[in-house]
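Asks: Sharing a structure below in structure tokens format, with a few things to ask.
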Amino acid sequence: MTEPSTGRGAALSGPRVESKDRLFMPLSQVPAGARVSIASLPSHPALQRRLQSMGVRPGVEVEVLRRGKPGGLLHLASGLLEFMLRPEHAAEMDVHLIGPH
Numbered sequence: 608m609t610e611p612s613t614g615r616g617a618a619l620s621g622p623r624v625e626s627k628d629r630l631f632m633p634l635s636q637v638p639a640g641a642r643v644s645i646a647s648l649p650s651h652p653a654l655q656r657r658l659q660s661m662g663v664r665p666g667v668e669v670e671v672l673r674r675g676k677p678g679g680l681l682h683l684a685s686g687l688l689e690f691m692l693r694p695e696h697a698a699e700m701d702v703h704l705i706g707p708h
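Residues in the sequence shown are numbered consecutively from 608, following the working numbering.
Next comes the structure, spelled out in structure tokens:
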């Protein structure tokens, strides 16, 4: 497991401050309808490559369209792209809230 302050390799219980200016939280805890900016990708190299090939990388805005049942998939959108992400992978992605859609 990697260092908890990065949010990678561990699901976190709530928002945390990574810098003076921005509040970061795991993507897995973002409510449906919220827009976020990606700060980090999951630690799994193949998943990083897949997300990056779709244009999902740090700095990109993503909207949480729907959340599956507790522990279910997240339905996300980035521009015209819609995709699903497992909650354990979303828990490894740090994001900061931009606002509602």
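Using N, Cα and C, we set each Cβ at its ideal position, and we do this for glycine too.
What number of angstroms, rounded off, separates the C-alpha of L619 from the C-alpha of R642?
Replies: In the sequence shown, residue 619 corresponds to position 12, counting from 1. In the sequence shown, residue 642 corresponds to position 35, counting from 1. Note that L619 scores 35 on pLDDT, short of 50, meaning its location in the model is unreliable and no value can be drawn from it.
Asks: DSSP three-state call for V682: helix, strand or coil?
Replies: As a working mapping, residue 682 is identified with position 75 in the sequence shown. Note that residue 682 corresponds to His in the displayed sequence, not to Val. Strand at H682.
Asks: With DSSP as the reference, label A641 as helix, strand or coil.
Replies: Position 34 of the sequence shown, counted from the first residue, corresponds to residue 641. Three-state DSSP puts A641 in a strand.
Asks: Check for me: the alpha helix (DSSP H) holding L672 runs from which residue to which?
Replies: By 1-based counting over the sequence shown, the position of residue 672 is 65. Note, L672: premise wrong, no alpha helix (DSSP H); beta strand (DSSP E) at 668-674.
Asks: As a quick exercise: from V667, A639, M632, pick the residue whose alpha carbon is nearest that of G679.
Replies: Indexing the sequence shown from 1 puts residue 679 at position 72. It is A639 whose Cα lies nearest to the Cα of G679.
Asks: Indicate whether A646 and H703 have their beta-carbon atoms separated by less than 9 Å.
Replies: Reading the sequence shown from its first residue, position 39 is the one you call residue 646. Reading the sequence shown from its first residue, position 96 is the one you call residue 703. Cβ distance < 9 Å, so A646 and H703 count as in contact.
Asks: Pick from P649, V669, K676: whose alpha carbon is nearest that of G686?
Replies: Position 79 of the sequence shown, counting from 1, holds the residue named residue 686. It is V669 whose Cα lies nearest to the Cα of G686.
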